[in-house]
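Protein chains in written order, with this note's numbering: chain A, 277 to 476; chain B, -3 to 808. We put the beta carbon where it would ideally sit given N, CA and C, even for glycine. One structure is given below, encoded as structure tokens.
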């Protein structure tokens, strides 16, 4: 199962300090680290919310540094985006995987799969015992969908305002964080459902 | 691309004023009146609300009436899906404090159930909050019919629930789900479903002949439906087949494990035990099995079929990628099943072996070979199958040919991590192959260093420890050599002109092709331990690689070496005997200068060496005597001071500390005198003051350590005391000379003089000096602190009292 999915920046953002990243979209699937007894009240909810966001920020920072190390090793300068080059950008994207040891930040050990497309990072945190080959394919196809439907490589801010599109996409292609074995026909059927949902 | 526009949008959403926010909330409330929700304005406002609730890490609490409206919108089956998406995501991101929590009702449609479940799962704070959801899911599973639309997402939601709380399902529940999984996995329809038709004018609902689904290569299926079957559309049970297979691994891992320990299953295995299931465990006989075992059987058949189907040539790339992912999953699921019930091993092996034979030659399938290797590791002994070929390929060909595949590198190291103990014990090739395994690390160093910190001790053996140490020190060379190897393959040597244009990079690349350097590169890139040794020509290799030392990959690689050296020494001393420790110290001395000149690399390595040199000496003080000739050579050469001061200083201190009869009975006055004379000559040489001399290139600490060591040695052979005293008395003129004073500064000079004075005073009382300068080995034991009569502080007080008196008696 996938624990969460993130879209975040890999470039430096003027209002943030150098090591920081801006999370543009995040989706956490289901509860994490549940307790058996009911905790008390509102305060706890706020704390949990904050803790969850801090965990995501930590993961995004780790991905940013992993990606920059990777790019540095390749000796490849950050290339400029050519318009309409989403598919090219996706092909040239760097990809990698990290291990989050138990307790840092999740209770159990997890794997972080990331895909760096120019200045954007697409990140997926997977539980152990997950099929990384399938996860990698899924991440790539999710990133492709996002780039295409939200024109992420363009100058707009659709990723912030039209986040419901990502939401719907995840709901169909990665329901509740379940990675799916989809052949091309299943993918097409889901694509049609998705298109009907976001009204295209 | 991330634009400043987005940044200001986030700022606005964060800093929105309370007043404005309130009116925005009430506007949305109005828009969400049960009638007329669907306006474009509603969509736009909800999108903005979504941004406002998620823009900050601190959650926002929405007013109760708005929450109510959003919940109504979410739970109403007639709402457009896009609005349901938005409302579920707003409820998820906000801090919802509502009296009546969301409840699932029986008549809700599948889509709504799934969106409501998103919110319930996101806001659950404890396991009991999931029981309602769980019951609803099980109920809808129980009454599932192919033609009745329930949530297709029932299985994904269920696997999310069991991921966070596996005990929400009772034994009966588990059996119920197992039965359903069997139905979907094994008995889904093989006719195509009606495609979600475009609803054109002319395509009326007409009864068509049922069309069978096809394999990925287009042939009609001859067996049951799997995720590798395609059709124009899919029936509900085919969809469930796909969801069921997607969750089967998790399900088996969660619910197929505990059961085997109970007594009655043993009895059953007697009945349909290995012989039975080896001969025939056909589907007809398996109808009798209890649900869990039946699921095992059907899942096994499903995996076998997937492996068969993966041999077909897929027409689409998506499908050929899916085939690989399915192979990984199928082999892993078979492995899980075989672990639970060993009788499956005999049925699995022919299939796994055939699969291995089919794909082992194709590097495109490299990642699917890892679960196969895992299978061999777990079960080849049970089935008495030879596994050497599999591991030979895994340990030799993968790192050598695919070191630059970062995903494979990661999965490979995870495989090794998970199986460290077994690999070490059962696969003899594992420890031999460390020069090859280090290639993954050299190439992907920052990403994999924490994995190798764990792996390294498992690679270590007494026979290969020394070679492993050399290999670690040569890791930056390995990174450089791999880089050159890749480039050499990229630019064939016929295109000389092409790679000649590279300017600086050509020389190492050129050297790589020259037969003269061939042996050295082959040594660095070797696959196995114990083959070849070119230590004597290492400095030549370093020269050849000089143009690579600034490559980011080499620099990063060099930065990881000190960490690994620490791990190495900590692990090595666990089993090292006298001989090995002596060898290790020799390597420290030899290699401390013989390193690739990457920025800071030598310094960092020498720091680690110094630290472990002291530990090794403490562990085995007699090594000073064993290696006296080498140590004399090392400490006698003043160049070592200028290039390896840290290590040199520690070495000298260790000599002073451990060269005495108490540690090695062979230690004689002659030995002490030899060391004394060598060090005396060194100190004399570096403190020689000529007016023209350049300022000293070493720290004041070296001087004090040398003086102290000489004093220590003299205290053990008292004839030497006058010599050292005379020497110490000359230190004043040394520190006051022009260049030294300018370099060391007031405070440092003062320190040197104070130390010299203290030592001189001590040596005036030879017996006391011997006691203070060479406390017995028990000195650090706790007894000294407990026993008030022999405590060290007390002794020191008495001594300093005596010394004070002595100095008072002395003139000026």
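So residue i packs on residue j, CB below 8 angstroms; how close in whole Å?
i	j	result
residue 533(B)	residue 516(B)	6 angstroms
residue 319(B)	residue 339(B)	Their Cβ separation, rounded to whole angstroms, is 28 angstroms, which puts residue 319(B) and residue 339(B) out of contact at 8 angstroms.
residue 473(A)	residue 279(A)	Residue 473(A) to residue 279(A), Cβ: 24 angstroms. No contact.
residue 82(B)	residue 43(B)	7 angstroms
residue 655(B)	residue 639(B)	Actually they do not touch by this definition, with Cβ atoms about 24 angstroms apart.
residue 637(B)	residue 592(B)	Not quite, the Cβ-Cβ distance comes to about 22 angstroms (not below 8 angstroms), so this is no contact.
Under 9 angstroms, do residue i and residue j count as touching if we go by C-beta distance?
i	j	result
residue 326(B)	residue 306(A)	no
residue 286(B)	residue 324(B)	no
residue 672(B)	residue 628(B)	no
residue 108(B)	residue 47(B)	no
residue 818(B)	residue 408(A)	Summary: the structure shown does not reach residue 818(B), with chain B confined to residues -3 through 808, and so no result is reported for it.
residue 488(A)	residue 339(A)	Only positions 277 to 476 of chain A appear in the structure, and residue 488(A) is not among them; the question remains open.
residue 304(A)	residue 9(B)	no
residue 562(B)	residue 508(B)	no
residue 180(B)	residue 233(B)	yes
residue 480(B)	residue 456(B)	no
In terms of alpha-carbon separation, which member of the options lies closest to residue i?
i	options	result
residue 333(B)	126(B), 40(B), 291(B) and 408(B)	291(B)
residue 798(B)	629(B), 389(B) and 758(B)	758(B)
residue 558(B)	465(B), 549(B), 569(B) and 480(B)	465(B)
residue 541(B)	525(B), 471(B) and 618(B)	471(B)
residue 344(A)	385(A), 278(A) and 288(A)	288(A)
residue 171(B)	251(B), 705(B) and 43(B)	251(B)
residue 467(B)	3(B), 481(B) and 434(B)	434(B)
residue 297(A)	363(A), 411(A) and 330(A)	330(A)
residue 329(B)	289(B), 311(B), 362(B) and 245(B)	245(B)
residue 169(B)	130(B), 478(B) and 746(B)	130(B)
residue 770(B)	720(B), 726(B), 651(B) and 664(B)	651(B)
residue 167(B)	241(B), 134(B), 190(B) and 188(B)	134(B)
residue 423(B)	392(B), 17(B), 683(B) and 149(B)	392(B)
residue 164(B)	152(B), 180(B) and 128(B)	128(B)
residue 458(B)	580(B), 755(B) and 239(B)	580(B)
residue 302(A)	422(A), 441(A) and 332(A)	332(A)
residue 239(B)	464(A), 450(A) and 460(A)	450(A)
residue 674(B)	705(B), 416(B) and 664(B)	705(B)
residue 444(B)	416(B), 419(B) and 552(B)	552(B)
residue 114(B)	390(B), 527(B) and 98(B)	98(B)
residue 352(B)	342(B), 371(B) and 335(B)	371(B)
So with CB distances below 8 angstroms, who are the chain A contacts of residue i?
i	result
residue 156(B)	277, 305, 306, 452, 453 and 454
residue 322(B)	457
residue 227(B)	461
residue 246(B)	277 and 405
residue 6(B)	298 and 436
residue 548(B)	348, 349 and 351
residue 43(B)	437, 438, 439 and 440
In chain B, what lies closer than 9 angstroms to residue i by C-beta?
i	result
residue 310(A)	120, 121, 122, 123, 125, 126, 160 and 161
residue 337(A)	Going along chain B, no residue has its Cβ under 9 angstroms from residue 337(A), so there is no contact; the nearest lies around 13 angstroms.
residue 401(A)	In chain order: nothing, as chain B lies at least about 13 angstroms away.
residue 371(A)	402 and 403
Going along chain A, which residues have a C-beta under 7 angstroms from residue i?
i	result
residue 149(B)	451 and 452
residue 241(B)	457
residue 312(B)	460
Could you work out which residues of chain B lie near residue i, taking near to mean beta carbons separated by less than 8 angstroms?
i	result
residue 473(A)	77, 78 and 81
residue 433(A)	-1, 1, 2 and 5
residue 380(A)	Under the 8 angstroms cutoff, chain B gives no residues; its nearest Cβ is about 11 angstroms from residue 380(A).
Can you pull the chain B neighbours of residue i, defined as C-beta to C-beta under 7 angstroms?
i	result
residue 329(A)	53
residue 412(A)	403
Can you tell me whether residue i sits near the ligand FAD, meaning its C-beta is under 8 angstroms from at least one heavy atom of the ligand?
i	result
residue 15(B)	Summarising the ligand content, the structure contains no ligands, and the ligand FAD is consequently not present.
Could you pull out every unbroken alpha helix (DSSP H) segment of at least 4 residues lying fully inside the segment 335 to 379 of chain A, listed in chain order? 362 to 367
Which complete alpha helix (DSSP H) runs does the segment 115 to 155 of chain B hold, if anything under 4 residues is left out? 127 to 138
What are the complete alpha helix (DSSP H) segments, minimum 4 residues, inside the segment 368 to 440 of chain B? 384 to 388, 394 to 398, 402 to 414, 416 to 422, 424 to 428 and 430 to 439
Minimum length 3: unbroken beta strand (DSSP E) runs contained in the segment 507 to 543 of chain B: none
Of all the alpha helix (DSSP H) runs that stay within the bounds of the segment 386 to 436 of chain A, which reach a length of 4 or more residues? 408 to 426
Could I get the ranges of all uninterrupted alpha helix (DSSP H) runs contained in the segment 630 to 665 of chain B, with 4 residues as the minimum, in chain order? 635 to 639 and 641 to 654
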